[in-house]
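Colleague: Before I ask anything, here is the structure I am working with.
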Amino acid sequence: MFEGVPLQWFLVTGTIMFFVGIYGFLVRKNLITILMSIELILNSVNINFVAFNKILYPGHLEGMFFTIFVIAVAAAETSVAIAIIINIYRRIVNIDVEKMNEMKY
Amino acid sequence: MIDFSFTALILLIPLFMFVVLGLFGNRFKPLVSGIAGTTGLFVMWVLSLITAYMYFFVLEKAVDGTFQKFLAVNMRWLTLTDKLHIDMGVLLDPISVMMLIVITTVSFMANLYSIGYMKGEKGYMRFFSFLSLFSFSMLGLVVATNIFQMYIFWELVGVSSYLLIGFYYTKDAAVAASKKAFIVTRFADLGFLIGILMLSYLTGTFDFITLTGPDSPAFTSGQGVWFLGLSTMTWSMIFIFMGGAGKSAMFPLHIWLPDAMEGPTPVSALIHAATMVVAGVYLVARLFPIYVSTPVALDVVMYVGAFSSIFAAIIACTQYDIKRVLAYSTMSQIGMMMFALGISGYGGHEGLGYMASMFHLFNHAFFKALLFLGAGAIIHSVHTNYMNEMGGLWKHLPITHITFLIACLAIAGIPPLSGFFSKDEILAAGLEKSTFLYLVMMIVSGLTAFYMFRLYFSIFWGKQTQYEHTPHEAPKTMTIPLLFLAVGALLTGLIPFSNFVTSDRLPFVAHLEIWVAIPAVLIALVGMVIATLFYRKENNLPEKVFLALGGFSKAAYHKFYIDELYLFITKKIIFNYISRPIAWFDRHIVDGTMNGISFVTNEISFRIRKFQSGQLQQYALVFVSGALFLALIFIYLWTN
Amino acid sequence: MTTNQLMFVIFSAVIIIFSILTVTSRRILRAATYLLFVLVATAGLYFLLQFNFLAAIQLTLYVGGIVVLIIFSILLTSHLGDKLEAPGWKKTVPALFVAVFGAVMCTITILQYNFPMEVITGSDRTKIREISYSLVSTEKFGYALPFEVISILLLASMIGAIILAKKRKD
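Protein chains in written order, with the numbering used here: chain A, 23 to 127; chain B, 893 to 1532; chain C, 392 to 561.
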């Protein structure tokens, strides 16, 4: 059993972390920093899952399993994303999203 | 019953030649394409002769002694509804078989002649492929099983005529002439189309056999409905005749024919003398039973024919361009054919005019093609079209001279050449109908003899002209067709035509009307004598007469100002008061609307183009704001 | 303030501060390091919530795997001395507006919502044995199918990553 900290506190922390991630996703130019923002977003969701699980349904494990799967998906996503980033870097020696406009218009 | 389905080949061979020469002509040497085209036409000619022989002599006649009228080939081409369908096929009856012979013979001769005549011209193979296209469409026209097939080929004929008149497309006059020919005949074909629609609406069929059969729906339906004093069936037949008049250069739709002489001479011989221009006559003959049932329409045919005939004959006397003289002569002769159809009745001796018309068509094809080919040989050797720049050619061009003389005698109606017989029948039929028109036709005969011999003497006798190069006789490929056609002009008159082609397909015996024949020959001789006096030796008699007739001859020289009238109507009235406003409306209102729409679209898209920046982060921003906005709405604002 | 609360406040403060630093730092390697702190603090939260296994996964996979991967790719694609270009105000202002607006709206929503007070209790099943049984079980609350699917996904992404990053011959 877990006591002392209300659920809302976890949720507010997760919310703030989520929107910080959104902000990073929207303003960062470097592809790798965008990737980091995505990690932040995923983590905030994980915190929510885990907090719900523990505080509302302590006898169950769904939240935890979802978190595990999210982590696994994040790992897969990161590996592929980094492969793509390296590939792009090899081609145009740049990983700035705003400058990747060769196929524009 | 003999299987006539091989007649489809007569159609398919020229089509095949057209496609092959048109697509692959450039790969061959020019001469090869000429020979290939001519060979195709030769095969077609032989097939037509076989068809004619089998049809007239081998095929047994129907029970009532008439020549059979049947579909040798028939296939359904377009099915619109169960009742309304358009067929393609080959219809054999005396006139279509006769036309097969005429067309294939003249086509073959003109093709053979062109091998020599067109030598060294640019677009040699184009010429031959167009000639094949023309042969195909003309044959399709005459063997049409239904009026719609006829219309399709009718237009194809118009197109090939257009292509061939404009063959020298670098020459402005040729381009203008081809456009004129196309537009004028197209305008006439509008009438034809209206006529077809009315006719098929009234009778419910396109089929010629049904339409012209003994119990045709055309005899009953539409006869009772009246419009402007005429029955609708009469109107439809008048409209159909309008199409025929356009193609056959009848007054007042004749203006394209003299200009069409800008085309190469073999084309003039083939299309504008022997075959295409008689399509109108053929059309009337094809629908003759219906015309007989609508006497007013038939009278229109008669008067238009008679007037065109004398009108063209007068103009022909004043022209100097030899091809134009021949063109007006063609118009005059076709007017006679139309006239003969117009005075004819149906069946037996009543149908004398019909028989005479077809007979004249047949003979005319030979001697007029011969005249044109001869004129071509002359132009080929002296490089001018104007008879006042010629003279004394008889010793330079002996073969051309003889054949030309034969053709002139034939067209003037001197026995025993072909023109005499058919003209005699026409005059005999005319006398039975009306004395006045008979006299008109007599005058036309006299004028015909006069202008033909005016032409003959101006070219071959008259003054001794010095030429830059000594004129020389044309090559064999050109003289052989001349000789062949001369034999035709000599002999075709002896064919007992009433045994073969009659209005009701029942042979009858036509006598030579001696009391008609003698005055006709006499007036022709008078015309010849006057021409001899005027033009045998160089003198000033023609000018005196020309001046004595004053305004009339001047008007005739200017073709009675018909061209100017057309120009006035089209340029001054139609262009200014109809086309300009329409063009303005089109340019400013219709185009303006379209341009406005495209301008607005263009501007808007140019402005909003930036929305699609390709920048992922902008999209994400919009997406997140949208999601938040929706969340806001659904959580706080849209709460019941 | 209980120990739990204190720990939570510390961890969440670390998470919030370092995540803000992650997205604002102009030196990319430092940003990665701040991310590392955020992830470690998240693992701390998991420990606090007594999800020991999950916290271990978080540390090994995220901290030990993903962040290291990110740092490697940073080393491959960036010059360490360079500072990142500062984003222009045209980008930051709308993004900041959206982020703050969203955060405020969500926070207000969360705080206003009445979560059920009565907690559904049951035996504490956070033992490794329980987790392992659930992960491969096909019964109710068993996760055999997602487990297999995620395995295939990982395998596929691994192969895909290798193929993508492999040097082409041409």
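Glycine included, C-beta positions come from ideal geometry on N, C-alpha and C.
Starting from Ile978/B, trace the beta strand (DSSP E) in both directions and tell me its first and last residue.
Modeller: Within the second sequence, numbered from 1, the residue matching residue 978/B stands at position 86. Per DSSP, Ile978/B belongs to the beta strand (DSSP E) from His977 to Leu984.
Colleague: Cβ of Ala1219/B within 8 Å of Cβ of Leu1149/B?
Modeller: In the second sequence, residue 1219/B corresponds to position 327, counting from 1. In the second sequence, residue 1149/B corresponds to position 257, counting from 1. Closer than 8 Å, so yes.
Colleague: Considering Cα atoms alone, identify which of Gly914/B, Ala1475/B and Val1035/B is closest to Thr943/B.
Modeller: Here the question's residue 943/B lines up with position 51 in the second sequence. Taking only the C-alpha atoms, the option nearest Thr943/B is Val1035/B.
Colleague: Going by the CB atoms, is the gap between Thr1167/B and Ile1007/B shorter than 8 Å?
Modeller: Here the question's residue 1007/B lines up with position 115 in the second sequence. Here the question's residue 1167/B lines up with position 275 in the second sequence. Not in contact: Ile1007/B and Thr1167/B (Cβ atoms no closer than 8 Å).
Colleague: Find the nearest neighbour of Asp985/B within the set Ile1101/B, Phe1312/B, Val924/B and Ile1057/B, judged by alpha-carbon distance.
Modeller: As a working mapping, residue 985/B is identified with position 93 in the second sequence. With distances taken between Cα atoms, Asp985/B lies closest to Ile1101/B.
Colleague: When the Cα of Val1516/B is compared with those of Tyr45/A, Phe32/A and Val92/A, which residue comes out closest?
Modeller: Position 624 of the second sequence holds residue 1516/B. The shortest C-alpha separation from Val1516/B is found at Tyr45/A.
Colleague: Just grab the DSSP bridge partners of Asp118/A for me.
Modeller: Numbered from its first residue, the first sequence carries residue 118/A at position 96. Paired residue(s): Asn52/A.
Colleague: Let me check one thing: in DSSP terms, what residues is Tyr79/A bridge-paired to?
Modeller: Locating residue 79/A in the first sequence gives position 57, counting from the first residue. The partner list for Tyr79/A (beta bridge, DSSP) is empty, contrary to what the question assumes.
Colleague: For Lys1451/B, count neighbouring C-beta atoms within 10 Å of its own C-beta (all shown protein chains included) and say buried if the count is 16 or more, exposed if not.
Modeller: Numbered from its first residue, the second sequence carries residue 1451/B at position 559. Lys1451/B should be labelled buried.
Colleague: Among the candidates Phe463/C, Pro537/C and Ala494/C, whose CA atom is the shortest distance from the CA of Phe41/A?
Modeller: Locating residue 41/A in the first sequence gives position 19, where the first residue counts as 1. It is Ala494/C.
Colleague: List the residues that DSSP assigns as beta-bridge partners of Met967/B.
Modeller: As a position in the second sequence, residue 967/B is number 75, starting the count at 1. DSSP output for Met967/B lists Met980/B as bridge partner(s).
Colleague: Inspect the beta-carbon positions of Gly1311/B and Asn1255/B and report whether they are closer than 8 Å.
Modeller: The count along the second sequence starts at 1 and reaches residue 1311/B at position 419. The count along the second sequence starts at 1 and reaches residue 1255/B at position 363. Taking 8 Å as the Cβ cut-off, Gly1311/B and Asn1255/B qualify as a contacting pair.
Colleague: Where does Leu939/B sit, in a helix, a strand or coil, going by DSSP?
Modeller: Taking the second sequence and counting its residues from 1, one reaches residue 939/B at position 47. Residue state, collapsed to three classes: helix.
Colleague: What does a CB cutoff of less than 6 Å around Ser1236/B pick up in its chain, not counting 5 residues either side in sequence?
Modeller: Position 344 of the second sequence, counting from 1, holds the residue named residue 1236/B. Counting only Cβ-Cβ distances below 6 Å, and skipping sequence neighbours, we find Gly1243, Gly1245 and Tyr1246.
Colleague: What residues of chain C sit near Leu1513/B, judged by a beta carbon separation below 8 Å?
Modeller: As a working note, residue 1513/B is residue 621 in the second sequence. Those within 8 Å of Leu1513/B in chain C are Pro485, Ala486 and Val489.
Colleague: Given a cut-off of 8 Å on the beta-carbon distance, is the pair Ser66/A and Met39/A in contact?
Modeller: The residue labelled residue 66/A in the question sits at position 44 within the first sequence. The residue labelled residue 39/A in the question sits at position 17 within the first sequence. Closer than 8 Å, so yes.
Colleague: Per DSSP, which residues does Tyr1278/B bridge with? Please list them.
Modeller: On the second sequence, residue 1278/B is found 386 positions in, with the first residue counted as 1. Answer is Asp1213/B.
Colleague: Given this structure, state the Cα-to-Cα distance separating Ala1416/B from Thr1340/B, to the nearest angstrom.
Modeller: Translated into positions along the second sequence, residue 1416/B becomes position 524. Translated into positions along the second sequence, residue 1340/B becomes position 448. If I take the Cα positions, the gap works out to 8 Å.
Colleague: Could you check which residue in Thr100/A, Leu48/A, Trp31/A and Lys51/A has the C-alpha nearest to that of Ile69/A?
Modeller: Your numbering for residue 69/A matches position 47 in the first sequence. Checking every option, the nearest Cα to that of Ile69/A belongs to Trp31/A.
Colleague: Please state whether the Cβ-Cβ distance between Val1170/B and Leu1253/B is less than 8 Å.
Modeller: The residue you call residue 1170/B lines up with position 278 of the second sequence. The residue you call residue 1253/B lines up with position 361 of the second sequence. Result yes, Cβ atoms of Val1170/B and Leu1253/B sit closer than 8 Å.
Colleague: Looking at the C-beta of Met58/A, does it have a partner C-beta in chain C at a distance below 8 Å?
Modeller: Your numbering for residue 58/A matches position 36 in the first sequence. Chain C contact via Cβ: present.
Colleague: How long is the line joining the alpha carbons of Met1279/B and Ile1214/B, rounded to whole angstroms?
Modeller: The count along the second sequence starts at 1 and reaches residue 1279/B at position 387. The count along the second sequence starts at 1 and reaches residue 1214/B at position 322. Approximately 6 Å between the Cα atoms of the pair.
Colleague: Does the Cβ of Leu1089/B have 16 or more other Cβ atoms within 10 Å, making it buried, or fewer, making it exposed?
Modeller: Residue mapping note: residue 1089/B aligns to position 197 of the second sequence, counting from 1. Under this definition Leu1089/B is an exposed residue.
Colleague: With DSSP run on the structure shown, which of helix, strand or coil describes Phe1059/B?
Modeller: Translated into positions along the second sequence, residue 1059/B becomes position 167. Residue state, collapsed to three classes: coil.
Colleague: Pick out the complete alpha helix (DSSP H) segments inside the stretch 1413–1467 of chain B, 4 residues or longer, and give them in chain order.
Modeller: Taking only runs of at least 4 residues, the alpha helix (DSSP H) segments lying wholly in the stretch 1413–1467 of chain B are 1433–1440, 1443–1449 and 1454–1459.
Colleague: Give me whichever residues DSSP pairs with Asp1099/B in a beta bridge.
Modeller: Numbered from 1 along the second sequence, position 207 holds the residue referred to as residue 1099/B. The partner list for Asp1099/B (beta bridge, DSSP) reads Asn1038/B.
Colleague: State buried or exposed for Gln503/C, treating a residue as buried only when at least 16 other CB atoms are found within 10 Å of its CB.
Modeller: Locating residue 503/C in the third sequence gives position 112, counting from the first residue. The residue in question, Gln503/C, is exposed, as its Cβ has fewer than 16 Cβ neighbours within 10 Å.
Colleague: For Thr1485/B and Glu120/A, what's the separation of their Cα atoms in angstroms?
Modeller: Working through the second sequence from its first residue, we reach residue 1485/B at position 593. Working through the first sequence from its first residue, we reach residue 120/A at position 98. Their Cα atoms are separated by approximately 40 Å.
Colleague: Compare the beta carbon distance of Ala1302/B and Leu1309/B with 8 Å and say whether it is the shorter of the two.
Modeller: As a working mapping, residue 1302/B is identified with position 410 in the second sequence. As a working mapping, residue 1309/B is identified with position 417 in the second sequence. Yes, the pair counts as a contact, with Cβ atoms nearer than the cut-off.
Colleague: Give the interface partners of Leu1520/B over in chain C, defined as CB-CB distance under 8 Å, in chain order.
Modeller: Counting from one through the second sequence, the residue named residue 1520/B turns up at place 628. Those within 8 Å of Leu1520/B in chain C are Val489, Phe492, Gly493 and Met496.
Colleague: Helix, strand or coil: how does DSSP classify Phe962/B here?
Modeller: Taking the first residue of the second sequence as position 1, residue 962/B is located at position 70. Residue state, collapsed to three classes: strand.
Colleague: Would you kindly check if the distance between the Cβ of Lys51/A and the Cβ of Thr530/C is under 8 Å?
Modeller: Numbered from its first residue, the third sequence carries residue 530/C at position 139. Numbered from its first residue, the first sequence carries residue 51/A at position 29. Note on residue identity: the sequence assigns Glu, not Thr, to residue 530/C. Going by C-beta atoms, Glu530/C is not nearer than 8 Å to Lys51/A.
Colleague: Counting only runs that start and end within the stretch 1251–1321 of chain B, where is the alpha helix (DSSP H) found for 4 or more residues in a row?
Modeller: Those alpha helix (DSSP H) runs which fall completely within the stretch 1251–1321 of chain B and span 4+ residues are 1290–1304.
Colleague: Please compile the residues from chain B whose C-beta is within a distance smaller than 8 Å of the C-beta of Leu48/A.
Modeller: The residue labelled residue 48/A in the question sits at position 26 within the first sequence. The answer, in chain order, is Gln1509, Ala1512, Leu1513 and Val1516.
Colleague: Please determine if the stretch 1289–1297 of chain B and the stretch 1363–1374 of chain B are in contact, where contact requires at least 3 C-beta pairs separated by less than 8 Å.
Modeller: Contact between the stretch 1289–1297 of chain B and the stretch 1363–1374 of chain B is present, because at least three Cβ pairs lie under 8 Å.
Colleague: Examine chain C for any beta-carbon lying closer than 8 Å to the beta-carbon of Ile54/A, and answer yes or no.
Modeller: Working through the first sequence from its first residue, we reach residue 54/A at position 32. Cβ-Cβ to chain C under 8 Å: yes for Ile54/A.
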